[in-house]
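Asker: Please see the structure below; I have some questions.
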Amino acid sequence: MYVAVKGGERAIENAHAWLAEERRGDPSVPELALDQIREQLKLAVNRVMAEGSLYDPDLAALAIKQSRGDLIESIFLMRAYRTTLPRFGVSRPVDTAAMACIRRISATFKDLPGGQILGPTFDYTHRLLDFALAAEGEAPRAPITEGAEPAAVPHVTEFLNRDGLIQEEPHSDETPGDLTRNPLELPANRPLRLQALARGDEGFVLSLAYSTQRGYGRTHAFVGELRIGLVAVEYDVPELGFAIHLADIELTECETVNQFKGSRSEPPQFTRGYGLVLGQSERKSISMSLVDRALRWRELGEDYIGAPAQDEEFVLSHCDNIQATGFLEHIKLPHYVDFQAELELVRRLRAEALELTGAPAMKEAAE
Amino acid sequence: MNATALQGGFATPAHDSARAFRATLDALARPGTIQTVAGAQPPAPLSVAAGVLILTLTDGTTPVHLAGAWDCADVRDWITFQTGAPLVGPADAAFAVGAWNDLAPLDRFAIGTPDYPDRSATLIVECDALQAQGAQLTGSGIKDSARLSLPDAARVFAANHALFPLGLDFFFTAGDRLAGLPRSTKVEDN
Amino acid sequence: MTAIAQTPTETDAYNFAYLDEQTKRMIRRAILKGVAIPGYQVPFASREMPMPYGWGTGGVQVTAACLVPEDRLKVIDQGADDTTNAVSIRRFFQRTAGVAVTENTPEATVIQTRHRIPETPLTEGQILVYQVPIPEPLRFLEPRETETRRMHALEDYGLMHVKLYEDIARHGQIATSYDYPVKVEGRYVMDPSPIPKFDNPKMSDNAAIQLFGAGREQRIYALPPYTKVVSLDFEDHPFVASKADHPCGLCGSTDSYLDEVIMDDQGGRMFVCSDTNYCSTRREAGHIGAMAAPAPAQPQERRAE
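Chains as they are written, first to last, in this note's numbering: chain C, 837 to 1203; chain V, 4 to 193; chain E, 12 to 316.
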């Protein structure tokens, strides 16, 4: 006697309760506060803001706490929340040339106006587990030099531009497309590609960029400049007739300078790849620049060699981790109706195939 | 902007527009049926049904063309205030509203492209009356056949149908009643 | 920056049927264009929903755009009202739209489904909303959207016919058992969503409005009532809507789609209706399958949880 499995609703409720308990972990350990996550797991917060396309460190901290540190789940929470927010208007484009840089480096010049500013970087740390951190310690303090506050410094690529050595990026006042409001249409223009990459999964964009370095669409990239700092977000209020300052947000901007021997349509000159990411996210912004540059083969008259990073449709269709993880994980949902249809088909095909080959009768027991 | 622009919108937008959309969906999915809608009190000469369609379907992203007497200050202000839809010429319109004679010639409106046949205009045709008699309709949405009073000869709509999958889609409105005629419908006399 | 304290946590902080009005308008416009061009996939700016892509976000957005407060909603997954994702989606709309729900197919005004069409014929007052993972029927023959769009524009479906023909050459039959492609009104080749091909004939000439939502892939398409939908085939290899060749063990139905259920470690199995509402309605009407309990005379303690 068979009774179909019931009780889906109760099962879901119980699973949610268990999840909540697991999230909290051992209750004898103090609970994480959001400001602890925001201040001490800042790079995780930044990634969640960047790929969640929503600049709000407090909400990102909440998402990380709620998702038990699963950053893709956190990004999903941010995206789903973002969708519900009304849109009041569109800010002015941020001016990264006016960025108050806490970090600014160029790999293409030894020194340059504004200087190399290392800032808070892992670059030259020795990756030795610091067991002192395991114990609660004093808040470390970095020395402060008078007069060295974050300041605006010129873009490195402008120096090359002055000599005509780097491809000019034509200025445009055209309103860029918006992936969150309009379905992706292919082929896409560069602003849309950049938008998709900025929201795209850090790991995916990293691997694509890495593949170009290993020859799958090589772009000979130098980091012309990487800068991190605060920029002002300004909003034009039509009724006031001037822009008001809404907030400062932290951005990471990377511009690569790419060797280019010229093509049918372009003279020999350097070309550019561009990356701009919310928060402090060097790996993502450099990766984004390399992939951006690889995707520009058509406009620069380069050959398409079939490299994944050159393939706009491949890159844009697969860079979003919320889409990817959803579709990937959905295969754990019940598919037994389709599986049943496949069972019938395979049984029939097998029976016919065995009949044709004159094989001995099928092992019925296995059927 | 005059005061009438501020009035006559949906009282409970989420519910009113939901009910209006279901009637609109039924109208277009079942050509030849006539639906009754409510919730808008637009300024003349806009009918209640046309007003409901505009409130339900248009916003700042959907350019609207007003034809003939419908292109008047009261209607312009009402649509601008209630929906934010930009008012444009026929070539750029996602929706157009007016009497049949003022909407003609139809070839001024977008019929979509082979890649994107959905990028075509929807015409809201204000009529004096709507009746389930007149031209014979067959095709998707219609069991056997249906009849609908149309503002012009069947061949005009047959010509639009011949463009399928391109073409225009129509709503006919009279008072608080509306009917739909998608491009998929085959239209014949008799 | 948003203060956490102001973050809405109550469901009544959200609009009727969750989506904001502008999003619903955008979806509604796409649905209407889909209705006007049966079988054509209308791009729409799918939103992130509070459930993952792949869980039915397209269907949920279409349902949200269609619901009125007076609706009675039924949600099924694999034909069953009580599968976990069906339960979850039904609860979502109970909470965000306050609509009545039902498991009874004839009572429902809107039915959202994943992978099945109910056995009970639908009627004129109903809307059937399909959750669609991959809306492009040509996708696994040609992965590029730019190419498949051109094929639809040119009505160039040669690739599909080649694929089906190769199936016949290799297997003696078309080796597609679900997600079986159809042609709509002689024009667009359409993906029916991963329903078993047994369900394909139900799509044609259906009295209900059939709407298809693919959230991740950002596509909506539609079949108005009484639309001609033909499963692709060849004259010498006609389409067959097959199913397991058994009666339902519980209600005895011989014409409903069946799930195969493994009963014990020895490989014992039984076949039961995938459409749970159809099956229970039949049993209530006195139809008894070979493996069903006669009548619930005594309480059954050992229920699987």
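Glycine included, C-beta positions come from ideal geometry on N, C-alpha and C. Model, not experiment: these values are computed from the prediction.
#1: Which residues in chain C sit within 9 Å of Met60/E, going by Cβ to Cβ distance?
#2: Kindly indicate the opening and closing residues of the beta strand (DSSP E) around Asp270/E.
#3: Take Val53/E and list the residues in its own chain whose beta-carbon comes closer than 6 Å to its own, dropping the five residues that flank it on each side.
#4: Under 6 Å Cβ to Cβ from Ala161/V, same chain only, skipping five residues before and after it: list those, please.
#5: If you draw a straight line from the alpha carbon of Glu985/C to that of Tyr960/C, how long is it in whole angstroms?
#6: With DSSP run on the structure shown, which of helix, strand or coil describes Met281/E?
#7: If you follow the beta strand (DSSP E) that His298/E is part of, which residue opens it and which one closes it?
#8: Arg106/E touches chain C at which residues, Cβ-Cβ below 9 Å?
#9: Does any C-beta atom of chain V lie closer than 8 Å to the C-beta of Arg40/E?
#10: Check whether chain E comes within 8 Å of Asp906/C, counting only Cβ atoms and requiring the distance to be less than that.
#11: From the DSSP output, in three-state form, read off Thr20/E for me.
#12: Should Leu126/V and Leu151/V be called a contact, given that it needs their Cβ atoms to be closer than 8 Å?
#13: Report yes or no: do the segment 9 to 17 of chain V and the segment 37 to 48 of chain V share at least 3 C-beta pairs separated by less than 8 Å?
#14: For Met62/E, which three-state DSSP category applies?
#15: Does the beta-carbon of Ile138/E have 16 or more other beta-carbons within 10 angstroms, so that it is buried, or is it exposed?
#16: Would you call Ile48/E buried or exposed, if buried means 16 or more other Cβ atoms sit within 10 Å of its Cβ?
#17: Identify the continuous alpha helix (DSSP H) that holds Val73/E and give its terminal residues.
#18: First and last residue of the beta strand (DSSP E) that includes Tyr232/E?
#19: Looking only at C-alpha atoms, which of Asp276/E, Gln142/E, Glu81/E sits nearest to Glu118/E?
#20: Can you confirm whether Lys208/E, when its beta carbon is compared against all beta carbons of chain C, has any partner nearer than 8 Å?
#21: Beta carbon of Gly224/E, beta carbon of Val140/E: below 8 Å?
#22: To the nearest angstrom, how far is it from the Cα of Phe151/E to the Cα of Tyr168/E?
#23: Could you pull the DSSP bridge partners for Cys1090/C from this structure?
#24: In whole angstroms, give me the CA-to-CA distance for Ile179/E and Ala186/E.
#25: Measuring straight from C-alpha to C-alpha, what distance separates Asp894/C and Lys901/C?
#26: Whose C-beta lies closer than 6 Å to the C-beta of Ala14/E among residues of the same chain, with five residues either side of it excluded?
#27: By the criterion of Cβ-Cβ separation under 8 Å, what are the contact partners of Asn318/E in chain C?
#28: How would you label Asn115/E, buried or exposed, when you count the other beta carbons within 10 angstroms and need 16 or more for buried?
#29: Relative to the C-alpha of Phe245/E, which candidate in Leu222/E, Glu295/E, Gly183/E, Ala76/E has its C-alpha closest?
#30: By Cβ distance, which residues of its chain are closer than 8 Å to Leu1001/C, with the 5 residues on each side in sequence left out?
#31: Would the segment 1036 to 1045 of chain C and the segment 1123 to 1141 of chain C be scored as touching if the rule is three or more Cβ pairs under 8 Å?
#32: Closest Cβ-Cβ distance between Thr39/V and chain E: below 8 Å?
#33: Measure the alpha-carbon distance for Ala72/V versus Pro48/V and round it to whole angstroms.
#34: Answer with buried or exposed for Gln1146/C, where buried requires no fewer than 16 other C-beta atoms within 10 angstroms of its C-beta.
#35: From the DSSP secondary-structure annotation, give me the bridge partner or partners of Phe242/E.
#36: Can you give the Cα-Cα distance for Arg125/E and Leu1192/C, rounded to whole angstroms?
Answerer: In short, the structure shows the following:
#1: Mapped onto the third sequence, residue 60/E falls at position 49. Near Met60/E (Cβ distances below 9 Å), the residues of chain C are Ala916, Thr919.
#2: For the purposes of this step, residue 270/E is taken as residue 259 along the third sequence, with counting starting at 1. Following the DSSP letters along the chain, one finds Asp270/E inside the beta strand (DSSP E) bounded by residues 269 to 273.
#3: Within the third sequence, the letter at position 42 stands for residue 53/E. So the qualifying residues of the chain are Ala41, Lys44, Gly45, Ile231.
#4: The count along the second sequence starts at 1 and reaches residue 161/V at position 158. Val190.
#5: Within the first sequence, the letter at position 149 stands for residue 985/C. Within the first sequence, the letter at position 124 stands for residue 960/C. Those two C-alpha atoms are separated by around 22 Å.
#6: One-based indexing of the third sequence puts residue 281/E at position 270. Met281/E falls in the strand class under three-state DSSP.
#7: Taking the third sequence and counting its residues from 1, the one referred to as residue 298/E is at position 287. Segment: none, His298/E is in no beta strand (DSSP E) and carries neither H nor E.
#8: Stepping through the third sequence from its first residue, residue 106/E is reached at position 95. In chain order: nothing, as chain C lies at least about 13 Å away.
#9: Within the third sequence, the letter at position 29 stands for residue 40/E. Yes - at least one Cβ of chain V is within 8 Å of the one on Arg40/E.
#10: Taking the first residue of the first sequence as 1, we reach residue 906/C at position 70. Taking Cβ atoms only, chain E never reaches closer than 8 Å to Asp906/C, which makes this a no.
#11: Counting from one through the third sequence, the residue named residue 20/E turns up at place 9. Summary for Thr20/E: the model assigns pLDDT 38, below 50, so the residue's position carries little reliability; its value from the coordinates is reported in the next sentence. Thr20/E: coil per DSSP, three-state reduction.
#12: As a working mapping, residue 126/V is identified with position 123 in the second sequence. As a working mapping, residue 151/V is identified with position 148 in the second sequence. The answer is no: Cβ separation not under 8 Å.
#13: The segment 9 to 17 of chain V vs the segment 37 to 48 of chain V: in contact.
#14: Taking the first residue of the third sequence as 1, we reach residue 62/E at position 51. Correct three-state label for Met62/E: coil.
#15: Your numbering for residue 138/E matches position 127 in the third sequence. Using a 10 angstroms sphere on the CB of Ile138/E, the tally of other CB atoms reaches 16 or more, which defines it as buried.
#16: As a working mapping, residue 48/E is identified with position 37 in the third sequence. Result: buried.
#17: Here residue 73/E is taken as the residue at index 62 of the third sequence, counted from 1. Here the alpha helix (DSSP H) through Val73/E covers 68 to 77.
#18: Counting from one through the third sequence, the residue named residue 232/E turns up at place 221. Per DSSP, Tyr232/E belongs to the beta strand (DSSP E) from 230 to 234.
#19: Here residue 118/E is taken as the residue at index 107 of the third sequence, counted from 1. Checked all of Asp276/E, Gln142/E, Glu81/E; the closest Cα to Glu118/E is Glu81/E.
#20: By 1-based counting over the third sequence, the position of residue 208/E is 197. Interface residue, yes.
#21: If you number the third sequence from 1, residue 224/E lands on position 213. If you number the third sequence from 1, residue 140/E lands on position 129. Yes, Cβ-Cβ distance for Gly224/E and Val140/E is below 8 Å.
#22: Walking along the third sequence from the start, residue 151/E turns up at place 140. Walking along the third sequence from the start, residue 168/E turns up at place 157. In this model, Phe151/E and Tyr168/E are separated by some 13 Å (Cα to Cα).
#23: Taking the first sequence and counting its residues from 1, the one referred to as residue 1090/C is at position 254. According to DSSP, Cys1090/C bridges with Leu1062/C, Gly1111/C.
#24: For the purposes of this step, residue 179/E is identified with residue 168 of the third sequence, where counting begins at 1. For the purposes of this step, residue 186/E is identified with residue 175 of the third sequence, where counting begins at 1. Taking the CA atoms as reference points, Ile179/E sits about 8 Å from Ala186/E.
#25: Working through the first sequence from its first residue, we reach residue 894/C at position 58. Working through the first sequence from its first residue, we reach residue 901/C at position 65. Computed Cα separation, rounded: 11 Å.
#26: Taking the first residue of the third sequence as 1, we reach residue 14/E at position 3. Only weak support exists for where Ala14/E lies, its pLDDT of 41 falling under 50; the coordinates are left without a value.
#27: In the structure displayed, chain E extends from 12 to 316; residue 318/E sits before or after that span and is not available.
#28: As a position in the third sequence, residue 115/E is number 104, starting the count at 1. Classification of Asn115/E: exposed, given that the 10 Å Cβ count is below 16.
#29: Against the third sequence, residue 245/E aligns to sequence position 234. Nearest option by C-alpha distance: Gly183/E.
#30: As a first step, residue 1001/C is located in the first sequence; it is residue number 165 there, counting from the start. Short of 8 Å from the beta carbon of Leu1001/C, and not among the five residues preceding or following it, lie these beta carbons of its own chain, in chain order: Gln1105, Phe1106.
#31: With a cut-off of 8 Å, the segment 1123 to 1141 of chain C and the segment 1036 to 1045 of chain C count as touching, because enough Cβ pairs lie within range.
#32: As a working note, residue 39/V is residue 36 in the second sequence. For Thr39/V, the closest Cβ of chain E is not nearer than 8 Å.
#33: Within the second sequence, residue 72/V is the residue found at index 69, counting from 1. Within the second sequence, residue 48/V is the residue found at index 45, counting from 1. If you take the alpha carbons of Ala72/V and Pro48/V, they lie about 7 Å apart.
#34: Within the first sequence, the letter at position 310 stands for residue 1146/C. With a 10 Å radius around the Cβ and a threshold of 16 neighbouring Cβ atoms, Gln1146/C comes out buried.
#35: Along the third sequence, read from residue 1 onward, the residue named residue 242/E stands at position 231. First, the amino acid is wrong: residue 242/E is Ser here, not Phe. BP columns for Ser242/E point to Val193/E.
#36: Start at 1 with the first residue of the third sequence, and residue 125/E comes out as number 114. Start at 1 with the first residue of the first sequence, and residue 1192/C comes out as number 356. Computed Cα separation, rounded: 37 Å.
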